[in-house]
Amino acid sequence: MHLLVCISHHGRGHLAQIAPVLNALRVLWPALRLTVRSALPYPVLAERIRGPFVHYAQAADCGLSMRDALRVDLDASLTAYRDFHAQWPKRVYREAEFLRAAGIDAVLSNVAYLPLAAARVAGIPAVALCSLNWLDIFRHYFGEAAGAPVIMEQMAAAYGAARAFLRPTPSMPMADLPHGRAVPPIAQRGIARRQALRLRLGLSAAARIVLVGMGGIAYRPKGEDWQRGRDLAWLVPDDWRGASGQVYGLSEAGMPFRDLLASCDALVTKPGYGSFVEAAVSAVPVLYLPRPDWPETPYLVDWLQRNARAAEIDEHAWQSAGIEAALERLWAMPPAQPVEPAGAQVAASALRDLLA
645 MHLLVCISHH GRGHLAQIAP VLNALRVLWP ALRLTVRSAL PYPVLAERIR
695 GPFVHYAQAA DCGLSMRDAL RVDLDASLTA YRDFHAQWPK RVYREAEFLR
745 AAGIDAVLSN VAYLPLAAAR VAGIPAVALC SLNWLDIFRH YFGEAAGAPV
795 IMEQMAAAYG AARAFLRPTP SMPMADLPHG RAVPPIAQRG IARRQALRLR
845 LGLSAAARIV LVGMGGIAYR PKGEDWQRGR DLAWLVPDDW RGASGQVYGL
895 SEAGMPFRDL LASCDALVTK PGYGSFVEAA VSAVPVLYLP RPDWPETPYL
945 VDWLQRNARA AEIDEHAWQS AGIEAALERL WAMPPAQPVE PAGAQVAASA
995 LRDLLA
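Numbering (my numbering) for the sequence shown: 645 to 1000.
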């Protein structure tokens, strides 16, 4: 079986969500050949996907154009979708020809819809797996735009071509998509290496380490007051580092992100599946920035509030050094039990049956 896996490059949460499934699927299906199509760099993919795979460094979907990790560039995003659908039948036909020429036997998508439509034309099985879909996202932002009904009809037909749409907990409802199937949370559990991390960074036992991760999309708070918290050490994207406080770039830690997360005292992030679920799996408290216009937010936040120590912090509180008090309130909350990420095995078993 030669499986094409399409992974959205809209942040790194899509990879964090599907990689555990691929790793579990390879255990169940040792002869499986993987080709991964994604605009994410090969080293980023290889850090999470075990074993060999062929990489096509191409995007299979539009995603959204982002001004930063919290704000969508609506004009650029709508233009991209209109261009993507301008000659939709020809695009689907070319994609089907690619599947045939590459000797693809089945398609798994998180969560591009073009490969699903092309798989139907090519006569091969296809499955989608994701906590969201681009049809609901497009409808939320652009449902009233000129030409939107035709685009949404094409998107719906493409998603409808999948044999199943696996929805890891927590997810958007997606009630109008056929063949939906809920599965438990999916995440790779990190290894807690707290002592090794402190030794590597030269930190005292009293220092609390706060990890900042925005899902691989650019964002930085204004000012540097957030760096000055007493007995706080910060692990941040490499280009964030300033002159004051105990601030360290992620590359200085020398660990995969999931191990850093499991080794830290708190995570500061935006609402996103990968960061929320991986934090809950490691029982790491979470401060999250508001993202009220993102349609997935209420489902992610509701689940996190029920399964972890979590609180919202607005951008002003962060930028005015209010984050120190917010962290103290977060740490004062009753501890939460780690979430069991059973979804990878459940999804892998379902995929073996659906694609065989």
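From the three backbone atoms N, C-alpha and C, an ideal C-beta is built for every residue, glycine too.
Note that the structure is predicted; figures quoted are calculated from it, not measured.
Contact belief for residue i with residue j at Cβ below 8 Å, rounded distance in angstroms
i	j	result
residue 925	residue 985	5 Å
residue 811	residue 775	6 Å
residue 1006	residue 681	Limits of the chain in this structure are 645 at one end and 1000 at the other, which puts residue 1006 out of reach.
residue 827	residue 657	That belief does not hold up - the Cβ atoms of residue 827 and residue 657 are roughly 16 Å apart, past 8 Å.
residue 919	residue 857	6 Å
residue 905	residue 931	Actually they do not touch by this definition, with Cβ atoms about 13 Å apart.
residue 649	residue 760	With a Cβ gap of about 13 Å, residue 649 and residue 760 do not count as contacting.
residue 736	residue 771	Actually they are not in contact, since the Cβ atoms of residue 736 and residue 771 sit about 18 Å apart, beyond 8 Å.
residue 861	residue 712	7 Å
residue 692	residue 871	Rounded, the Cβ-Cβ distance is 30 Å, inconsistent with contact.
Residue i to residue j span [Cα, whole Å]
i	j	result
residue 954	residue 758	36 Å
residue 705	residue 746	19 Å
residue 995	residue 910	34 Å
residue 823	residue 714	31 Å
residue 731	residue 738	11 Å
residue 897	residue 763	42 Å
residue 875	residue 847	9 Å
residue 821	residue 784	15 Å
residue 722	residue 769	30 Å
residue 884	residue 864	7 Å
residue 755	residue 958	30 Å
residue 742	residue 664	26 Å
residue 801	residue 794	11 Å
residue 859	residue 867	21 Å
residue 698	residue 678	7 Å
residue 943	residue 790	29 Å
residue 834	residue 667	15 Å
residue 733	residue 798	9 Å
residue 997	residue 964	53 Å
residue 750	residue 999	7 Å
residue 989	residue 938	29 Å
residue 780	residue 843	46 Å
residue 890	residue 974	20 Å
residue 708	residue 671	34 Å
residue 893	residue 740	43 Å
residue 719	residue 941	21 Å
residue 651	residue 728	17 Å
residue 961	residue 967	6 Å
Residue of the options minimising C-alpha distance to residue i
i	options	result
residue 951	936, 693, 940, 982	982
residue 690	890, 714, 659	659
residue 694	669, 712, 709, 647	669
residue 700	710, 712, 684	684
residue 674	650, 646, 653, 800	646
residue 840	971, 853, 671	853
residue 654	677, 855, 778	778
residue 980	927, 943, 794	927
residue 921	829, 795, 679, 711	829
residue 787	947, 725, 923, 998	725
residue 902	855, 750, 740	855
residue 935	837, 672, 652, 710	710
residue 877	976, 850, 895	850
residue 912	880, 900, 892	880
residue 976	990, 929, 937	929
residue 687	941, 707, 900, 740	900
residue 915	696, 818, 892, 948	948
Per DSSP, the bridge partner or partners of residue i
i	result
residue 824	809
residue 890	877
residue 646	677
residue 700	681
residue 932	913, 956
residue 853	877
residue 754	651
residue 772	753, 809
residue 710	716
heavy atom of the ligand SAH below 8 Å from residue i C-beta
i	result
residue 678	Inclusion of the ligand SAH in the displayed structure is not the case, the ligand content being empty and no account of it being possible.
What are the start and end residues of each continuous alpha helix (DSSP H) run of 4 or more residues lying completely inside the stretch 951–988, in chain order? Look at the stretch 951–988 and you find these whole runs of alpha helix (DSSP H), each 4 residues long or longer: 959–963, 967–975.
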